[in-house]
């Protein structure tokens with residue numbers, strides 16, 4: 788028991804830190820439909836950040852991209868930065884593998900993936916793609932419709 792105590796304390800501290808940083812539902816800065824441009828917005832094609840999933844939408848149909856997301860707002864406001872810890876798609880929420888996606892909104896209003904990795908809790912290993920990450924292509928989005936974070940409230 789004496790040898791396992793430091794390990795158990797360390798695991799408890801790490802778990803508490805992870806839970807404290809990963810709060811509840813999607814932040815208000817990510818409300819609404821997000822898409823790759825005006826044509827996609829008009830077609831109803833885009834991504835919604837929900838409490839239970841991050842999902843792609845196409846005219847009423849939906850495809851889950853990220854399951855069981857835990858959002859951590861790292862920087863609020865117009866230049867929002869959000870960390871999303873998620874389960875791999877396909878009903879493997881109990882898997883020891885978790886994804887970590889960090890999205891950041893630039894001054895131009897576009898939301899982009901600035902970091903993405905897969906972590907295995909069993910081994911402590913992480914997979915980081917240096918090039919050709921599909922998440923970087925998928926998560927280059929702009930909010931559909933009026934956006935108070937970028938346009939402000941004047942003139943409405």
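Numbering (my numbering), first residue to last: 788 to 943.
Just so it is clear, CB atoms sit at the ideal spot from N, CA and C, and this is done for glycine as well.
These figures come from a predicted structure and were not determined experimentally.
Measure the C-alpha to C-alpha separation of residue i and residue j and round it to an integer number of angstroms.
i	j	result
residue 808	residue 934	Here the model assigns residue 808 a pLDDT of 43, short of 50, so the residue's position is not dependable, and the following value carries that caveat. For residue 808 and residue 934, the distance between alpha carbons rounds to 27 angstroms.
residue 886	residue 829	31 angstroms
residue 814	residue 910	31 angstroms
residue 859	residue 918	25 angstroms
residue 862	residue 899	14 angstroms
residue 865	residue 891	10 angstroms
residue 882	residue 875	8 angstroms
residue 843	residue 832	7 angstroms
residue 907	residue 893	30 angstroms
residue 926	residue 912	24 angstroms
residue 839	residue 850	13 angstroms
residue 857	residue 914	19 angstroms
Starting from residue i, follow the beta strand (DSSP E) in both directions and report where the run begins and ends.
i	result
residue 840	840–845
residue 886	884–892
residue 856	848–862
residue 915	913–915
residue 821	820–822
residue 905	898–907
residue 868	868–874
In the DSSP assignment, the alpha helix (DSSP H) including residue i goes from what residue to what residue?
i	result
residue 829	825–830
residue 923	921–925
Please state if the CB of residue j and the CB of residue i are separated by a distance shorter than 8 angstroms.
i	j	result
residue 848	residue 873	no
residue 905	residue 869	no
residue 916	residue 903	yes
residue 822	residue 928	yes
residue 930	residue 811	no
residue 901	residue 871	no
Find the nearest neighbour of residue i within the set the options, judged by alpha-carbon distance.
i	options	result
residue 845	876, 923, 835	835
residue 852	831, 921, 826	921
residue 895	839, 867, 912	867
residue 824	912, 897, 839, 913	897
Go ahead and label residue i buried or exposed: buried means 16 or more other beta carbons lie within 10 angstroms of its beta carbon, across all protein chains shown.
i	result
residue 932	exposed
residue 888	buried
residue 792	Low per-residue confidence applies at residue 792: pLDDT is 41, beneath 50, and the placement is therefore not dependable, though the value from the model is reported in the following sentence. Residue 792 comes out exposed.
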